[in-house]
Ligand code: DX5
Ligand code: ZN
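Residue numbers (this note's numbering): 8 to 224.
As structure tokens, then:
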């Protein structure tokens, strides 16, 4: 399949959110990535339900919601009601991951699991049959605009092999420090979904940058 592009709204201009979302609507982007941070799991706070609901009213593309919060089980229903199409939880925040991802699917969303840079992909072996996507964090979660961690390429290749060997229908998403210089190698390594925040919104031509991320080859 062709890879997907999911621009991260975290790097957008919140004072002109409607314009930013309309730009995404017009662009080649496939999804819209929303980063939810609680100030506990990560040392930063982003935005919550009222903002997601407001975004949902304008967005023409599926909402790809990435939870960087402790105890996500408390809020799964509310993220579904707010308009999430995909809901990704952090592996490190879930004691009963199998239950959590099953609940996400029961609520009508696709289920993703995110791995911090230090978390090995092998830990997902027994949950791959129950999820739709794995998000490989290619920076330490919490902030946009950080430097891409190069060891991530091997992690993606390893995960790609695991998914292939099991015959699972699971996408690999990469998130953090993704730009037009590393996107090609990421896709060649096995990434199916590219999240990009600052490389899109800080560029002179965000729509053009999304187009470049989409048409890499
Ligand atoms: C980081 C978030 C990312 C972030 C990526 O914790 O999960 O989605 O927005 O931003 P960039 O692309 O600027 O690294
Ligand atoms: Zn993210």
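Glycine is no exception: its CB is placed at the ideal position from the N, C-alpha and C atoms.
Contact set for residue i: own chain, Cβ-Cβ below 8 Å, skip 5 residues either direction
{"i": "residue 68", "result": "31, 32, 36, 37, 38 and 39"}
{"i": "residue 110", "result": "80 and 83"}
{"i": "residue 166", "result": "128, 131, 141, 143, 179 and 197"}
Under 8 Å between C-beta atoms of residue i and residue j
{"i": "residue 208", "j": "residue 22", "result": "no"}
{"i": "residue 193", "j": "residue 156", "result": "no"}
{"i": "residue 136", "j": "residue 160", "result": "no"}
{"i": "residue 117", "j": "residue 98", "result": "no"}
{"i": "residue 120", "j": "residue 104", "result": "yes"}
{"i": "residue 180", "j": "residue 140", "result": "yes"}
{"i": "residue 144", "j": "residue 204", "result": "no"}
{"i": "residue 85", "j": "residue 54", "result": "no"}
{"i": "residue 138", "j": "residue 12", "result": "no"}
{"i": "residue 58", "j": "residue 77", "result": "no"}
{"i": "residue 214", "j": "residue 34", "result": "yes"}
{"i": "residue 169", "j": "residue 219", "result": "no"}
Beta-carbon contacts of residue i that lie in its chain and below 6 Å, excluding the five residues immediately before and after
{"i": "residue 80", "result": "107"}
{"i": "residue 66", "result": "28 and 39"}
{"i": "residue 112", "result": "118"}
{"i": "residue 200", "result": "11, 13, 178 and 180"}
{"i": "residue 149", "result": "49, 50 and 51"}
{"i": "residue 206", "result": "186"}
{"i": "residue 87", "result": "114 and 116"}
Three-state class that DSSP yields for residue i in the structure shown
{"i": "residue 191", "result": "helix"}
{"i": "residue 87", "result": "helix"}
{"i": "residue 15", "result": "strand"}
{"i": "residue 97", "result": "strand"}
{"i": "residue 39", "result": "strand"}
{"i": "residue 30", "result": "helix"}
{"i": "residue 220", "result": "helix"}
{"i": "residue 198", "result": "coil"}
Cβ neighbour criterion (16 or more within 10 Å) applied to residue i
{"i": "residue 70", "result": "buried"}
{"i": "residue 146", "result": "buried"}
{"i": "residue 2", "result": "The displayed coordinates of the chain run from 8 to 224. Any statement about residue 2 would go beyond what the structure contains."}
{"i": "residue 95", "result": "buried"}
{"i": "residue 115", "result": "exposed"}
{"i": "residue 171", "result": "exposed"}
Cβ shell of residue i (< 7 Å), same chain only, five flanking positions each side left out
{"i": "residue 173", "result": "135"}
{"i": "residue 9", "result": "none"}
Can you check the stretch 99-170 for any alpha helix (DSSP H) of at least 4 residues that lies completely inside it and give the ranges in chain order?
The stretch 99-170 contains these whole alpha helix (DSSP H) runs: 104-113.
Uninterrupted alpha helix (DSSP H) stretches inside the stretch 49-86 (no shorter than 4 residues)
Segments of the alpha helix (DSSP H) lying fully in the stretch 49-86: 56-65.
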